[in-house]
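**Student:** Dropping the structure in here first, questions after.
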Amino acid sequence: MSGAMIVIIIIALAATGWIFARARATRFQAEVGRLATNSRPSQYGWYVALWTALPALAFLMVWANVMPRLVFDSVLSSPAAQSLPADDFSRNVILGEANAIARGAQAAAFNPQSMTLVEPFRDATARYSAAGALLAAILAFAGGAFAFSRVGPSFTARNRVERVVMWTLLLASLIAIITTAGIVASLIFESMRFFSMVNPLDFLFGLKWSPQSAAMGYGNDDAFGAVPLFWGTIFIGAIIAMIVAIPLGLMSAIYLTQYARPEVRKWMKPMLEVLAGVPTVVYGYFAALTVAPALRNLAATIGIPGASSESALAAGLVMGVMIIPFVSSMADDSIAAVPQSMRDGSLAMGATTSETIRKVLIPAALPGVVGGVLLAVSRAIGETMIVVMAAGLAANLTLNPFASVTTVTTQMVQLLTGDQEFDSAKTLAAFALGLVLFIVTLLLNIVALRVVKKYREAYE
Amino acid sequence: MRRRIARRYAAERRFKLLGLFSVLLSAGFLVFLLVTMMANGVKGFTRAEIALTVDFPRSPILLDPAALKTNPAQVLANANLPSVVDQAAQTAFGEGGERFVSSGAVVAVRDAILADPAILDRKVVISVPASEGIDLAVKGKGSAADEAIADRLDEAGLISTALNYRFLLGSDGTDPTTVGIWGALKGSLLTMGITLLLSFPIGVFAALYLEEYAPRNRWTDLIEVSINNLAAVPSIIFGLLGLSIFLNTMHLPRSAPLVGGMTLALMTMPIIVIAGRNAIKAVPPSIRDAALGIGASPVQVVFHHVLPLALPGILTGTIIGMARALGETAPLLMIGMRAFVASPPGGFTDPATVLPVQIFLWSDEVGRGFIEKTSAAIIVLLVFLLTMNSIAIYLRNKFEKKW
Chain U
1 MSGAMIVIII IALAATGWIF ARARATRFQA EVGRLATNSR PSQYGWYVAL
51 WTALPALAFL MVWANVMPRL VFDSVLSSPA AQSLPADDFS RNVILGEANA
101 IARGAQAAAF NPQSMTLVEP FRDATARYSA AGALLAAILA FAGGAFAFSR
151 VGPSFTARNR VERVVMWTLL LASLIAIITT AGIVASLIFE SMRFFSMVNP
201 LDFLFGLKWS PQSAAMGYGN DDAFGAVPLF WGTIFIGAII AMIVAIPLGL
251 MSAIYLTQYA RPEVRKWMKP MLEVLAGVPT VVYGYFAALT VAPALRNLAA
301 TIGIPGASSE SALAAGLVMG VMIIPFVSSM ADDSIAAVPQ SMRDGSLAMG
351 ATTSETIRKV LIPAALPGVV GGVLLAVSRA IGETMIVVMA AGLAANLTLN
401 PFASVTTVTT QMVQLLTGDQ EFDSAKTLAA FALGLVLFIV TLLLNIVALR
451 VVKKYREAYE
Chain X
1 MRRRIARRYA AERRFKLLGL FSVLLSAGFL VFLLVTMMAN GVKGFTRAEI
51 ALTVDFPRSP ILLDPAALKT NPAQVLANAN LPSVVDQAAQ TAFGEGGERF
101 VSSGAVVAVR DAILADPAIL DRKVVISVPA SEGIDLAVKG KGSAADEAIA
151 DRLDEAGLIS TALNYRFLLG SDGTDPTTVG IWGALKGSLL TMGITLLLSF
201 PIGVFAALYL EEYAPRNRWT DLIEVSINNL AAVPSIIFGL LGLSIFLNTM
251 HLPRSAPLVG GMTLALMTMP IIVIAGRNAI KAVPPSIRDA ALGIGASPVQ
301 VVFHHVLPLA LPGILTGTII GMARALGETA PLLMIGMRAF VASPPGGFTD
351 PATVLPVQIF LWSDEVGRGF IEKTSAAIIV LLVFLLTMNS IAIYLRNKFE
401 KKW
């Protein structure tokens, strides 16, 4: 019997329990009167259904994890397993193969010996899954019967069902913490393995990046100096992209909030927001297909040496455009938060609108704008696809925007999409880069939110 | 004095124009992007077809007519159709003529036989897709040699353009004339299904807990901070998480929509929580008080009154989160969804790819025919996203309430 089948049966049992308990509750409620009972009939139903399903499903989850080991043990003790080679590695290969054939995941064996083990595997699997199904069914019946026996006029089903609901809600919100912990733990754990092979100081301050060997450990010709990547990331995300995004975003926000007629604003604002909703892979393709060749031709015409078809400028420009709506909506918010009296005061003194904006609104809104820019930078340096497709792979420490540079995210993709040998410094380096990226974006976000929040309080 | 005022007014006008210029430049960029993609991609939905004369009785076809009636697909798969096509093309267009037709021509011939087995006894004209070079030449983007061939075929009245239904129904391949997006689209749908199934209930429950029940203490602060943090974590980091937890620790299948969906669900969940909390906050307290006042329990208040009222807002946030997940590429590259998958996935654990990843893979292909296919796939993706966003805006407008 398959796992899905058992789950369906348990759910069907729970539904039956729900119906019977509800019917029973309706009956005694009719006898003793509505107000004499603690709960509504369907709540008795839910109580029984939960008792039927939850213990059985919990058991199945545990069983799914325990069963493979029981099956292996039982196969190992079978007579066919006596002739297995003694060394663990080849033994596990044969066992794994036999198991795969028994499950139907693999058609034929490479190893003749594993064919003899297929039958024991099938037997053991059938035996243990039948046992599991039986135990789960017994649990479901026992739980249901126990709960059903308690259903009575004075029983507080509602409180119990609601307690389960509350636990479910709490559990759902804990997923966020678990995810965060999972991210931190996996990044730190894999990075530790990397740093046991590569000196952290070499990684953080080394000037040469050329991971070569995908084999085990740390090859002699490998270099894991990440400074060129950090520089490339900053160059594209924090310098070029921001040179595009800050003026355009800020001026757009100013125009749309201060000058534009309402109907223009109504159309233009969503249009700018579409820029943020376009998938980054589309921007990346656009940068690689249209922007980068145009820039290379431009560089060649004006005679800049070292112009590459994959350039920091192409990636940075397109990324800057992608960031415009972030900057403009943050600037929009913080300009709108400046008290109207300040604006009125300035205008009443005879200042023009632009003078008011430049001398009063912008200085007053500056912390919010800076916070928005920091958030935008954090987003830009975490952005992957545009730089993967348009910025190139060469780890260059260069100031020439027409040259190819590489970034942290590009290298992460590069390191992890080739081979999948998880003991090599090459693949583990991606996690170390991920750790740096995580810490930097986290710090940027915390600082940005602090700045924005502090400033908001000042006017309220 | 007057000159100074004039100067100030000029500065005012310049400043205003600068603002207008910024808005127009940003919007212009968007328009340019869309127009470029449309111009490149719209022809990807059509294909050039060549009218190929196939003389079945004289072709090297190995067919058992009796077996053809019982199991036609199997028989045709073994029937050496490629050499039939090659020979027909050589007869029709001379030496090297087989290079004029795409590898998809075999499929067209097979479909023609399946539709009407009687054609096996005679000479028929079948419309088959042209090869990549001819296809591009017909669309005006080919090399000079191909242009000449296309012109020659055109003069003979053999070339036509038709809807490339294979692009909508096929999967990834190596020949740009035969590739399709259905495989990637199906992978996207399966992945989105898992994402929605996981992130929606978890997100809504977490939002309900935090907004309605959570006591103000260090634990709930921690939950809140981590949700806000997750919303700001770069997406590629979620890929690393999926790789090390789901693949390396839990040993779930690589490249599968299941793992992709789980990874994206972790990314989407914070967006739903944040949108959900705002929607729940907007439900006026008087509704809760009224329900509590007639004896409803806190759980009943929330599930019978608050949640139904907040649902449109939550749905809007969910659609926006799903739209972002649909366009996401980087985390899926990390968990191996960049594999070459030549048939649509059959289930949640089959190797699959998704639309944005397919776009990324095709963008790397050298064949010039892939440029229009990539752009065409981008058009499909953007149409999906714009539809989702319009639904979100529609919902927001429809259910926007002022209490």
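These protein sequence lines map, in sequence, to chains U and X. Here the numbering used here is used: the first residue of the first sequence is 1, the next is one more, and so on. Here the numbering used here is used: the first residue of the second sequence is 1, the next is one more, and so on. For each residue, glycine too, the CB sits at the ideal point set by N, CA and C.
Please report how far the alpha carbon of Arg296 (chain U) lies from the alpha carbon of Ala314 (chain U), in whole angstroms.
**Tutor:** The count along the first sequence starts at 1 and reaches residue 296 (chain U) at position 296. The count along the first sequence starts at 1 and reaches residue 314 (chain U) at position 314. Their backbone Cα atoms lie some 9 angstroms apart in a straight line.
**Student:** Quick check: the Cα distance between Pro68 (chain U) and Leu190 (chain X), rounded to an integer number of angstroms?
**Tutor:** Locating residue 68 (chain U) in the first sequence gives position 68, counting from the first residue. Locating residue 190 (chain X) in the second sequence gives position 190, counting from the first residue. Approximately 28 angstroms, taken between the alpha carbons.
**Student:** Within the continuous beta strand (DSSP E) that includes Glu49 (chain X), where are the two ends?
**Tutor:** As a working note, residue 49 (chain X) is residue 49 in the second sequence. Run containing Glu49 (chain X): Thr46 to Asp55, per the beta strand (DSSP E) assignment.
**Student:** Any beta carbon of chain X sitting closer than 8 angstroms to that of Arg343 (chain U)?
**Tutor:** Taking the first residue of the first sequence as 1, we reach residue 343 (chain U) at position 343. Chain X contact via Cβ: absent.
**Student:** Looking at chain U, which residues of the region 10-32 of chain X have a Cβ within less than 7 angstroms of any of its Cβ atoms?
**Tutor:** Result list: Ala11, Glu12, Phe15, Lys16, Leu18, Gly19, Leu20, Ser22, Val23, Leu25, Ser26, Ala27, Phe29 and Leu30.
**Student:** Pick helix, strand or coil for Ala15 (chain U), following the three-state DSSP scheme.
**Tutor:** As a working note, residue 15 (chain U) is residue 15 in the first sequence. In this structure, Ala15 (chain U) counts as helix in the three-state DSSP scheme.
**Student:** Can you pull the chain X neighbours of Thr180 (chain U), defined as C-beta to C-beta under 7 angstroms?
**Tutor:** Taking the first sequence and counting its residues from 1, one reaches residue 180 (chain U) at position 180. By Cβ distance, chain X contributes Ser226, Asn229 and Leu230.
**Student:** Val377 (chain U) lies in the alpha helix (DSSP H); which residues open and close that run?
**Tutor:** Within the first sequence, the letter at position 377 stands for residue 377 (chain U). Segment Ile362 to Gly382, the alpha helix (DSSP H) holding Val377 (chain U).
**Student:** Measuring CB to CB, does Phe438 (chain U) end up less than 8 angstroms from Val233 (chain X)?
**Tutor:** Here the question's residue 438 (chain U) lines up with position 438 in the first sequence. Here the question's residue 233 (chain X) lines up with position 233 in the second sequence. Their beta carbons are under 8 angstroms apart, which means Phe438 (chain U) touches Val233 (chain X) by this criterion.
**Student:** How is Ile159 (chain X) classed by DSSP in three states: helix, strand or coil?
**Tutor:** The residue labelled residue 159 (chain X) in the question sits at position 159 within the second sequence. Residue state, collapsed to three classes: strand.
**Student:** Write down the C-beta distance between Ala323 (chain X) and Gly277 (chain U) rounded to the nearest angstrom, noting that I regard them as a contact closer than 8 angstroms.
**Tutor:** As a working note, residue 323 (chain X) is residue 323 in the second sequence. As a working note, residue 277 (chain U) is residue 277 in the first sequence. Sure, about 7 angstroms apart at Cβ, within 8 angstroms.
**Student:** Taking the continuous beta strand (DSSP E) assigned at Lys123 (chain X), which residues delimit it?
**Tutor:** The residue labelled residue 123 (chain X) in the question sits at position 123 within the second sequence. Residues Lys123 to Pro129.
**Student:** Can you give the Cα-Cα distance for Val281 (chain U) and Ala380 (chain U), rounded to whole angstroms?
**Tutor:** Your numbering for residue 281 (chain U) matches position 281 in the first sequence. Your numbering for residue 380 (chain U) matches position 380 in the first sequence. Taking the straight line from one Cα to the other gives about 14 angstroms.
**Student:** Is Met38 (chain X) close to chain U, meaning its C-beta is less than 8 angstroms from at least one C-beta of that chain?
**Tutor:** By 1-based counting over the second sequence, the position of residue 38 (chain X) is 38. Not closer than 8 angstroms to any Cβ of chain U, the Cβ of Met38 (chain X) fails to qualify, so no.
**Student:** I'd like to know if Gly277 (chain U) contacts chain X, where contact means its C-beta is closer than 8 angstroms to some C-beta of that chain.
**Tutor:** Mapped onto the first sequence, residue 277 (chain U) falls at position 277. Yes - at least one Cβ of chain X is within 8 angstroms of the one on Gly277 (chain U).
**Student:** Name the residues in the region 351-368 of chain U whose C-beta lies less than 8 angstroms from a C-beta of chain X; which are they?
**Tutor:** Answer set for the region 351-368 of chain U: Thr352, Thr353, Ser354, Glu355, Ile357 and Arg358.
**Student:** Take the Cβ of Trp18 (chain U) as the centre, count every other Cβ of all protein chains shown within 10 Å, and call the residue buried at 16 or more, exposed below.
**Tutor:** Translated into the one-based positions of the first sequence, residue 18 (chain U) becomes position 18. Under this definition Trp18 (chain U) is a buried residue.
**Student:** Which of the three DSSP states is assigned to Ala223 (chain U) in this structure?
**Tutor:** To locate residue 223 (chain U), count along the first sequence from 1; it is residue 223. In this structure, Ala223 (chain U) counts as strand in the three-state DSSP scheme.
**Student:** For Gly217 (chain U), I'd like the list of residues in its chain whose CB is within less than 8 angstroms of its CB, leaving aside the five on either flank, ordered along the chain.
**Tutor:** Position 217 of the first sequence, counted from the start, is the residue given in the question as residue 217 (chain U). Low confidence applies here, because Gly217 (chain U) scores a pLDDT of 49, under 50, leaving its location unreliable and the question unanswered by this model.
**Student:** Ala342 (chain X): buried (16+ other C-beta within 10 angstroms of its C-beta) or exposed?
**Tutor:** For the purposes of this step, residue 342 (chain X) is identified with residue 342 of the second sequence, where counting begins at 1. Counting Cβ neighbours within 10 Å, Ala342 (chain X) comes out exposed, since fewer than 16 surround it.
**Student:** Using C-beta distances below 6 angstroms, list every residue in its chain close to Val71 (chain U), excluding the 5 sequence neighbours before and after it, in chain order.
**Tutor:** Numbered from 1 along the first sequence, position 71 holds the residue referred to as residue 71 (chain U). Closer than 6 angstroms at the Cβ level, and outside the excluded window around Val71 (chain U), lie Ala124, Thr125 and Tyr128.
**Student:** Should Pro356 (chain X) go down as buried or exposed, given a rule of 16 or more other Cβ atoms within 10 Å for buried?
**Tutor:** Looking up residue 356 (chain X) in the second sequence gives position 356. Looking at its Cβ environment, which holds 16 or more other Cβ atoms inside 10 Å, Pro356 (chain X) is buried.
**Student:** Does Glu400 (chain X) come within less than 8 angstroms of chain U when only Cβ atoms are used?
**Tutor:** Translated into the one-based positions of the second sequence, residue 400 (chain X) becomes position 400. False, the Cβ-Cβ gap to chain U never drops below 8 angstroms.
**Student:** Kindly say whether Ile274 (chain X), judged by its beta-carbon, lies nearer than 8 angstroms to any beta-carbon of chain U.
**Tutor:** The residue labelled residue 274 (chain X) in the question sits at position 274 within the second sequence. No - not a single Cβ of chain U is within 8 angstroms of the one on Ile274 (chain X).
**Student:** Does any CB atom of chain U fall closer than 8 angstroms to the CB of Phe360 (chain X)?
**Tutor:** As a working note, residue 360 (chain X) is residue 360 in the second sequence. Output row for Phe360 (chain X): interface = yes.
**Student:** Measure from the alpha carbon of Trp362 (chain X) to the alpha carbon of each residue in X:Tyr213, X:Leu241, X:Ala184 and X:Leu385, then state which is nearest.
**Tutor:** Counting from 1 along the second sequence, the entry for residue 362 (chain X) is found at position 362. Here the closest residue by C-alpha is X:Ala184.
**Student:** Residues of chain X with CB under 7 angstroms from Glu190 (chain U), in chain order?
**Tutor:** Position 190 of the first sequence, counted from the start, is the residue given in the question as residue 190 (chain U). Under the 7 angstroms cutoff, chain X gives Ser244.
**Student:** Leaving aside the five residues before and after Met388 (chain X) along the sequence, list all residues of the same chain whose C-beta is less than 6 angstroms from its C-beta, in chain order.
**Tutor:** By one-based count along the second sequence, residue 388 (chain X) stands at place 388. If we look at Met388 (chain X) and ignore the five residues flanking it on each side, its Cβ neighbours are Ile319 and Ala323.
**Student:** For Ser39 (chain U), name the three-state secondary structure that DSSP assigns.
**Tutor:** What you label residue 39 (chain U) is simply residue 39 of the first sequence in a count that begins at 1. Correct three-state label for Ser39 (chain U): coil.
**Student:** Of all the residues that make up the region 366-380 of chain X, which are near chain U by a beta-carbon distance shorter than 9 angstroms?
**Tutor:** Answer set for the region 366-380 of chain X: Ile371, Thr374, Ser375 and Ile378.
**Student:** In this structure, does DSSP put Ser404 (chain U) in helix, strand or coil?
**Tutor:** Taking the first sequence and counting its residues from 1, the one referred to as residue 404 (chain U) is at position 404. Looking at Ser404 (chain U) - three-state DSSP - the assignment turns out to be coil, as it is neither helix nor strand.
**Student:** Closer than 7 angstroms by beta-carbon distance: list the chain U residues that pair up with Arg338 (chain X), in chain order.
**Tutor:** Sequence index remark: in the second sequence, residue 338 (chain X) carries index 338 (1-based). Thr417, listed in chain order.
**Student:** Using the three-state DSSP reduction, which class does Ser171 (chain X) fall into: helix, strand or coil?
**Tutor:** Indexing the second sequence from 1 puts residue 171 (chain X) at position 171. Three-state result, Ser171 (chain X): coil.
**Student:** Starting from the beta carbon of Thr329 (chain X), find every residue of chain U whose beta carbon is closer than 9 angstroms, and list them in chain order.
**Tutor:** Working through the second sequence from its first residue, we reach residue 329 (chain X) at position 329. By Cβ distance, chain U contributes Pro279, Thr280, Val281, Gly284, Thr384, Met385 and Val388.
**Student:** What are the partner residues of Val101 (chain X), as DSSP defines its beta bridges?
**Tutor:** In the second sequence, counting from the first residue as 1, residue 101 (chain X) sits at position 101. Answer is X:Ala130.
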